[in-house]
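**Student:** Each residue of the sequence shown is one higher than the one before, counting from 1431 in my numbering.
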Amino acid sequence: MQAAKKLASKNLIEVALLNVRRRFLDLTSRQFAPDSFEHDLVKYRSKGIFDGTVTGGKNLRALLALKSFEALNPEADTAEIHKMAECASLLEMIQSFYLIVDDIMDGAETRRGKPCWYKVPGVGLGAVNDALLLDVFVEDIIRELYPGHPQVERLCDAYRKSKRITLLGQLLDTASVGDVNAFTWDRYEQLVAFKTSHYSYFHPMEMAMLVSDRLDNHPILRQLAYRIGFLFQSQDDVLDVFGDPNVTGKIGTDIQDGKCTWISVRAVQKLHGKPELEEFKKHYGKTDPESVNRIKDLLEHLKLKEEFINFEKRYSDKVKADIDRVPERLSAIKPVLHGALNKLIDREK
């Protein structure tokens, strides 16, 4: 039964993405005369952007929003669920907006097992404009989906707020690059909360709450969402260094980029007061193979991969216990929170 429901949700999102794609192409091209060359050009380019960046992901954010809505509205009819699936699918457009820009900033090579969008022949730095196009039409589609909804303005405002928070997180991320003295748990926790947790976990659930016309209990959900987001990002950090690119679909560059990550923060913490810390500072953030290999040797010596496995177990057990203590008025969404957490246990990509 659970497997069937999971498949049904995935299929709903896949269909919804096709509908969102149609809306996106219509919105971008309708700015020009229907029979004009410009109309066809913009539509063709918009199709390439959507197909090349929005599709092909795991759709985790969209699924989280849809499942949250279904949990909050067990009596929702088919039309309401399909409409929510489209709204949830907008989170994948938002995700692509962030990833396109993030890959350019990081100088990344691959994404989801394919060349990053800016690496595709004929795209280049035009990818920046492509990312902005995905962003600017999200609110238009929200308003198309929910004209007259009592919370449509809050839905749009929640999107704008989520974007502001995420962009500030990106700022913290880039400002921390190479600054080993800034590699503290306080900085890392703020970075993760802003860059990842809000838009990946809280915003999808907030979207479901607002579409359900519920304005209560957002602080409780935010706290739990941020905890789950911390686990997600810390796993990403570990996979960047120790993961198999054939499985993750991405070649890790955190060491070369000098990123503030779970790995680098813990390494600095463990090396405090030891001569190896100066060696870490010397080589971390360098792109030459000798420096990268020296950092990897240091990380292996510190046994950070093994340590993370223990941390992951303790942390996830604590979050599970916190979810179990969610107040009765939010009990409907408990299984969704547990599901989001369980998806992360022992993940390899």
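Every residue, glycine too, gets a C-beta built ideally from N, C-alpha and C.
Under a Cβ-count criterion, where at least 16 other Cβ atoms within 10 Å of its own Cβ denotes burial, should Ile1681 be classed as buried or exposed?
**Tutor:** Against the sequence shown, residue 1681 aligns to sequence position 251. When all chains shown are included, Ile1681 counts as exposed.
**Student:** Using 8 Å for Cβ pairs, my map puts Ile1650 next to Asp1667. What's the rounded Cβ distance?
**Tutor:** By one-based count along the sequence shown, residue 1650 stands at place 220. By one-based count along the sequence shown, residue 1667 stands at place 237. Rounded, the Cβ-Cβ distance is 27 Å, inconsistent with contact.
**Student:** Report yes if the C-beta distance between Leu1494 and Leu1442 is below 8 Å; otherwise report no.
**Tutor:** For the purposes of this step, residue 1494 is taken as residue 64 along the sequence shown, with counting starting at 1. For the purposes of this step, residue 1442 is taken as residue 12 along the sequence shown, with counting starting at 1. No. Outside cutoff.
**Student:** Three-state secondary structure (DSSP) at Pro1464?
**Tutor:** Position 34 of the sequence shown, counting from 1, holds the residue named residue 1464. If DSSP states are grouped into helix, strand and coil, Pro1464 belongs with coil.
**Student:** Quick check on this structure: which residue in Ala1501, Thr1626, Val1677 has the alpha carbon closest to the alpha carbon of Ala1655?
**Tutor:** Start at 1 with the first residue of the sequence shown, and residue 1655 comes out as number 225. Cα-wise, what sits closest to Ala1655 is Thr1626.
**Student:** Given this structure, state the Cα-to-Cα distance separating Ser1630 from Glu1730, to the nearest angstrom.
**Tutor:** Translated into positions along the sequence shown, residue 1630 becomes position 200. Translated into positions along the sequence shown, residue 1730 becomes position 300. Between Ser1630 and Glu1730, the C-alpha separation is close to 30 Å.
**Student:** Please name the residue in Pro1634, Asp1687, Ile1775 whose C-alpha comes closest to that of Leu1585.
**Tutor:** Here residue 1585 is taken as the residue at index 155 of the sequence shown, counted from 1. It is Pro1634.
**Student:** Does Lys1711 come out as helix, strand or coil in the three-state DSSP assignment?
**Tutor:** Your numbering for residue 1711 matches position 281 in the sequence shown. Helix at Lys1711.
**Student:** Between Glu1522, Leu1734, Ala1762, which has its C-alpha nearest Phe1454's C-alpha?
**Tutor:** Residue numbering aside, residue 1454 sits at position 24 when the sequence shown is read from its first letter. With distances taken between Cα atoms, Phe1454 lies closest to Glu1522.
**Student:** Out of Arg1460, Arg1491, Val1450, state which residue places its alpha-carbon closest to the alpha-carbon of Leu1767.
**Tutor:** Along the sequence shown, read from residue 1 onward, the residue named residue 1767 stands at position 337. Taking only the C-alpha atoms, the option nearest Leu1767 is Arg1491.
**Student:** If you measure between the beta carbons of Arg1617 and Cys1517, is that distance less than 8 Å?
**Tutor:** Within the sequence shown, residue 1617 is the residue found at index 187, counting from 1. Within the sequence shown, residue 1517 is the residue found at index 87, counting from 1. No; because the gap between Cβ atoms is not below 8 Å, this pair is not in contact.
**Student:** Which residues in the same chain have their Cβ closer than 6 Å to the Cβ of Ile1725, if we skip the five residues on either side of it in sequence?
**Tutor:** Position 295 of the sequence shown, counted from the start, is the residue given in the question as residue 1725. Only Ile1685, His1713, Tyr1714 meet the Cβ criterion.
**Student:** Based on Cα-Cα distance, which residue from Met1514, Glu1742, Thr1540, Leu1502 lies nearest to Val1764?
**Tutor:** The sequence position of residue 1764 within the sequence shown is 334, counting from 1. One point to set straight first is that residue 1764 is Lys, not Val, in the sequence displayed. Nearest C-alpha to Lys1764: Leu1502.
**Student:** Quick check: Ala1538 and Trp1547, are their CB atoms within less than 8 Å of each other?
**Tutor:** In the sequence shown, the residue the question calls residue 1538 occupies position 108. In the sequence shown, the residue the question calls residue 1547 occupies position 117. No.
**Student:** Could you spell out where the alpha helix (DSSP H) holding Val1558 opens and where it closes?
**Tutor:** Here residue 1558 refers to the residue found at position 128 when the sequence shown is read from its first residue. It spans 1557-1566 - the alpha helix (DSSP H) in which Val1558 sits, taken as one unbroken run.
**Student:** Between which residues of its own chain and Gly1478 is the CB-CB distance below 7 Å, once the five residues before and five after are set aside?
**Tutor:** As a first step, residue 1478 is located in the sequence shown; it is residue number 48 there, counting from the start. Same-chain partners within the cutoff: there are none.
**Student:** Nearest CA to the CA of Glu1736: which residue from Gln1699, Phe1672, Ala1770?
**Tutor:** Here residue 1736 corresponds to residue number 306 of the sequence shown, with the count starting at 1. Checked all of Gln1699, Phe1672, Ala1770; the closest Cα to Glu1736 is Phe1672.
**Student:** Between the Cα of Leu1640 and those of Lys1513, Pro1580, Ser1526, spot the shortest distance and give me the residue it belongs to.
**Tutor:** To locate residue 1640, count along the sequence shown from 1; it is residue 210. Of Lys1513, Pro1580, Ser1526, the residue nearest in Cα terms is Pro1580.
**Student:** Would you say Lys1779 and Leu1602 are within 8 Å of each other, going by their C-beta atoms?
**Tutor:** Residue mapping note: residue 1779 aligns to position 349 of the sequence shown, counting from 1. Residue mapping note: residue 1602 aligns to position 172 of the sequence shown, counting from 1. Against a cut-off of 8 Å, the Cβ pair of Leu1602 and Lys1779 comes out as no contact.
**Student:** Which residues bound the alpha helix (DSSP H) around Val1688?
**Tutor:** Position 258 of the sequence shown, counted from the start, is the residue given in the question as residue 1688. The residue you asked about is not Val; residue 1688 is Gly in the sequence shown. Element bounds for Gly1688: n/a, residue is neither H nor E.
**Student:** So, are the CB atoms of Leu1621 and Ile1572 less than 8 Å apart?
**Tutor:** For the purposes of this step, residue 1621 is identified with residue 191 of the sequence shown, where counting begins at 1. For the purposes of this step, residue 1572 is identified with residue 142 of the sequence shown, where counting begins at 1. Going by C-beta atoms, Leu1621 is not nearer than 8 Å to Ile1572.
**Student:** Taking DSSP as the reference, what is the three-state secondary structure of Arg1617?
**Tutor:** One-based indexing of the sequence shown puts residue 1617 at position 187. In this structure, Arg1617 counts as helix in the three-state DSSP scheme.
**Student:** Using the Cβ count rule (16 or more neighbours within 10 Å means buried), how would you classify Ala1434?
**Tutor:** Within the sequence shown, residue 1434 is the residue found at index 4, counting from 1. Low per-residue confidence applies at Ala1434: pLDDT is 47, beneath 50, and the placement is therefore not dependable enough to give any value.
**Student:** Apply the 10 Å Cβ neighbour rule to Lys1843 and answer buried if 16 or more other Cβ atoms are within range, or exposed otherwise.
**Tutor:** What is shown of the chain runs 1431 to 1779, which leaves residue 1843 out entirely.
**Student:** Do Thr1485 and Leu1447 have their C-beta atoms within less than 8 Å of each other?
**Tutor:** If you number the sequence shown from 1, residue 1485 lands on position 55. If you number the sequence shown from 1, residue 1447 lands on position 17. Against a cut-off of 8 Å, the Cβ pair of Leu1447 and Thr1485 comes out as a contact.
**Student:** Which residues in the same chain as Arg1657 place their Cβ atom closer than 6 Å to its Cβ, once the five residues preceding and following it in sequence are excluded?
**Tutor:** Within the sequence shown, numbered from 1, the residue matching residue 1657 stands at position 227. Hits under 6 Å: Val1749.
**Student:** For Trp1547, report the span of its alpha helix (DSSP H) as first-last.
**Tutor:** As a position in the sequence shown, residue 1547 is number 117, starting the count at 1. Premise fails: Trp1547 is in no alpha helix (DSSP H) and is neither H nor E.
**Student:** Where does Thr1458 sit, in a helix, a strand or coil, going by DSSP?
**Tutor:** Position 28 of the sequence shown, counted from the first residue, corresponds to residue 1458. Helix.
**Student:** Determine, using beta carbons only, whether Leu1447 comes closer than 8 Å to chain B.
**Tutor:** Protein chain content of the structure displayed is limited to a single chain, and chain B is not contained in it.
**Student:** Please go through the region 1647-1685 and give each complete alpha helix (DSSP H) segment of 4 or more residues, from N-terminal end onward.
**Tutor:** The qualifying runs are 1648-1672, 1675-1678.
**Student:** Could you tell me whether the Cβ atoms of Met1514 and Phe1499 are closer together than 8 Å?
**Tutor:** Start at 1 with the first residue of the sequence shown, and residue 1514 comes out as number 84. Start at 1 with the first residue of the sequence shown, and residue 1499 comes out as number 69. Cβ distance < 8 Å, so Met1514 and Phe1499 count as in contact.
**Student:** Which residues mark the beginning and the end of the alpha helix (DSSP H) in which Thr1596 is found?
**Tutor:** Counting from 1 along the sequence shown, the entry for residue 1596 is found at position 166. Residues 1582-1606.
**Student:** What number of angstroms, rounded off, separates the C-alpha of Glu1574 from the C-alpha of Arg1759?
**Tutor:** Working through the sequence shown from its first residue, we reach residue 1574 at position 144. Working through the sequence shown from its first residue, we reach residue 1759 at position 329. About 31 Å.
**Student:** Got a sec? Which residues, its chain only, sit under 8 Å from Ser1746 by beta carbon, not counting five neighbours each side?
**Tutor:** Counted from its first residue, the sequence shown places residue 1746 at position 316. Result list for Ser1746: Leu1661, Leu1771, Leu1774, Ile1775, in chain order.
**Student:** Can you list, in chain order, the residues of its chain with a C-beta nearer than 6 Å to that of Ala1561? Leave out the 5 residues immediately preceding and following it.
**Tutor:** Locating residue 1561 in the sequence shown gives position 131, where the first residue counts as 1. Hits under 6 Å: Phe1527, Ile1530, Val1531.
**Student:** Could you give the distance in angstroms between the alpha-carbon of Ala1623 and the alpha-carbon of Gly1552?
**Tutor:** If you number the sequence shown from 1, residue 1623 lands on position 193. If you number the sequence shown from 1, residue 1552 lands on position 122. Cα-Cα distance, rounded: 35 Å.
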